[in-house]
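Take a look at the structure below.
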Ligand SMILES: C[S@@+](CC[C@H](N)C(=O)[O-])C[C@H]1O[C@@H](n2cnc3c(N)ncnc32)[C@H](O)[C@@H]1O
Ligand code: SF4
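Structure, rendered in structure tokens:
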């Protein structure tokens, strides 16, 4: 294994929220009878201990505590998990530790205490600074709380903060989408993620779809927002923009097809064994079932070995999201496949002007990026 291959990431899932948002298909559950912070932390620690042997001799380079709403938990609980990570795993000295936080006052008041636990990056789910839009999205915070949460995060000493925004919201105009971006940029947090609202299966919005802006308007929103963002941040992934040194190391590891372990209800992991075989696995989804089984084989919800013919697509699905693209060396390093497996497809895509090559780096053209699914289709295994 090379040095980059020995590095891996850790995802920790906290599955509860105060209220389920009508557009959300993440493994998040309203905080009700099965909510038990202490029992869940103990379950995570048992889970961590069973994962540790799987990454023996390797070095942890990032942790992402996501959800759900992990900022519902106390700093003490998160600190307890992180100190177990210290005991169980080898870490890089400059490890990135991100906490996903909601902008409610209850959460924001804990930001300083979170900072003391070693968490050094916050990802705040702002979504919009517009009150009627926040209401339509079923969010429990308002725009004042959104503004206050960002200031509180900065006052708490966080130098790395991501703000999540969504666009293409019901009744949103292009000007309103741009205004949201301008508010976000005014804080100069160094990282912004902007997602187009999608209607996902098993959500309230899917069952009762709101009227969304038409495609042309969404296109205008995207291009106008991108113009504004480009004044301050560089786009490095389909939905992510960052200042220098502010890219999310955790997400970059996913997009570079790196390895990671996942602990918590429904958490996913991807590991490469010494023979180069890649497996994906996930934990049981329901919080109660997870808490009852964590630390035993019964907590595994499922496992897939990625077969060789699927590897090019799996790799590209991640790598082509990055503006920086990939080299053939990286492809071989991550998949153990010979470059000749994909060279004919790369040539076809260059001919179609969906990919370009410069200094041995392959990346999407603007057209290839805008129609990413079409670009990726070329890497699907042939039947
Ligand atoms: C894991 S989610 C939730 C994080 C956090 N609990 C929150 O809601 O603020 C991360 C981000 O995905 C985005 N997101 C979630 N559902 C979406 C959807 N249906 N369409 C577009 N973006 C979505 C939101 O911007 C959200 O902040
Ligand atoms: S707060 Fe976040 S994770 Fe929870 S339901 Fe809303 S979007 Fe989903």
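In the working numbering, the protein residues as written are 4 to 386.
All residues carry an ideal CB built from backbone N, CA and C; glycine is no exception.
Discussion item. Alpha carbons only, please: which of 329, 9 and 22 is nearest the one belonging to residue 363?
Written reply: Within the chain shown, numbered from 1, the residue matching residue 363 stands at position 360. When the alpha-carbon of residue 363 is set against those of 329, 9 and 22, the nearest one is in 329.
Worksheet item: residue 356 to residue 371, Cα distance in whole Å?
Response: The residue given as residue 356 occupies position 353 in the chain shown. The residue given as residue 371 occupies position 368 in the chain shown. Those two C-alpha atoms are separated by around 7 Å.
Fill in: Whether residue 1 touches residue 12 by CB criterion (9 Å)
Missing from the structure shown is residue 1; the chain here goes from 4 to 386 and no further.
Discussion item. Rounding to the nearest angstrom, what Cα-Cα distance links residue 255 and residue 325 in this structure?
Written reply: Along the chain shown, read from residue 1 onward, the residue named residue 255 stands at position 252. Along the chain shown, read from residue 1 onward, the residue named residue 325 stands at position 322. If I take the Cα positions, the gap works out to 8 Å.
Worksheet item: Distance, Cα to Cα, residue 296 vs residue 284?
Response: Taking the chain shown and counting its residues from 1, the one referred to as residue 296 is at position 293. Taking the chain shown and counting its residues from 1, the one referred to as residue 284 is at position 281. Distance between the alpha carbons of residue 296 and residue 284: 15 Å.
Worksheet entry | Bridge partners - residue 130, DSSP secondary structure assignment | Residue numbering aside, residue 130 sits at position 127 when the chain shown is read from its first letter. BP columns for residue 130 point to 168.
Fill in: Span of the beta strand (DSSP E) around residue 375
In the chain shown, the residue the question calls residue 375 occupies position 372. Looking at the DSSP string, residue 375 is not in any beta strand (DSSP E); the run it does join, the alpha helix (DSSP H), is 375-380.
Discussion item. Closest to residue 100 by C-alpha separation, out of 178, 52 and 73, would be which residue?
Written reply: As a first step, residue 100 is located in the chain shown; it is residue number 97 there, counting from the start. Out of 178, 52 and 73, the CA that lies nearest to the CA of residue 100 is found in 73.
Worksheet item: Distance, Cα to Cα, residue 293 vs residue 169?
Response: Here residue 293 refers to the residue found at position 290 of the chain shown. Here residue 169 refers to the residue found at position 166 of the chain shown. Going by the C-alpha atoms only, they are around 31 Å apart.
Practice prompt. When you get a sec, list the residues whose CB is within less than 6 Å of any heavy atom of ligand 2, chain order please.
Written response: Any residue whose Cβ sits closer than 6 Å to a heavy atom of ligand 2 makes the list: 20, 23, 24, 27, 29, 31, 70, 71, 72, 105 and 128.
Worksheet item: For residue 190, which residues from the same chain have a beta carbon less than 6 Å from its beta carbon, with the 5 sequence-adjacent residues on both sides left out?
Response: As a first step, residue 190 is located in the chain shown; it is residue number 187 there, counting from the start. Closer than 6 Å at the Cβ level, and outside the excluded window around residue 190, lie 153.
Practice prompt. Give the DSSP-derived three-state secondary structure of residue 246 in the structure shown.
Written response: Start at 1 with the first residue of the chain shown, and residue 246 comes out as number 243. DSSP places residue 246 in coil when its eight states are reduced to three.
Discussion item. I'd like to confirm something about residue 38: is its beta-carbon nearer than 8 Å to some heavy atom of ligand 1, or not?
Written reply: The count along the chain shown starts at 1 and reaches residue 38 at position 35. In this structure, the C-beta of residue 38 stays at least 8 Å away from each heavy atom of ligand 1.
Discussion item. Given the structure, does residue 148 come close to ligand 1, in the sense that its CB is under 8 Å from one of the ligand's heavy atoms?
Written reply: Along the chain shown, one-based indexing puts residue 148 at 145. Result no, Cβ not under 8 Å from ligand 1.
Discussion item. On the CB-based measure, 16 or more other CB atoms within 10 Å of its CB, does residue 18 come out buried or exposed?
Written reply: Here the question's residue 18 lines up with position 15 in the chain shown. It counts as buried.
Worksheet item: If we call anything under 9 Å between Cβ atoms a contact, is residue 207 one with residue 23?
Response: Counting from one through the chain shown, the residue named residue 207 turns up at place 204. Counting from one through the chain shown, the residue named residue 23 turns up at place 20. In contact: residue 207 and residue 23 (Cβ atoms closer than 9 Å).
Discussion item. For ligand 1, is there any heavy atom lying closer than 8 Å to the beta carbon of residue 192?
Written reply: Within the chain shown, the letter at position 189 stands for residue 192. The answer is no for residue 192.
Discussion item. For ligand 1, I want to know if residue 162 counts as a neighbour, meaning its beta carbon is within less than 8 Å of at least one of the ligand's heavy atoms.
Written reply: Residue numbering aside, residue 162 sits at position 159 when the chain shown is read from its first letter. Residue 162 has its Cβ no nearer than 8 Å to any heavy atom of ligand 1.
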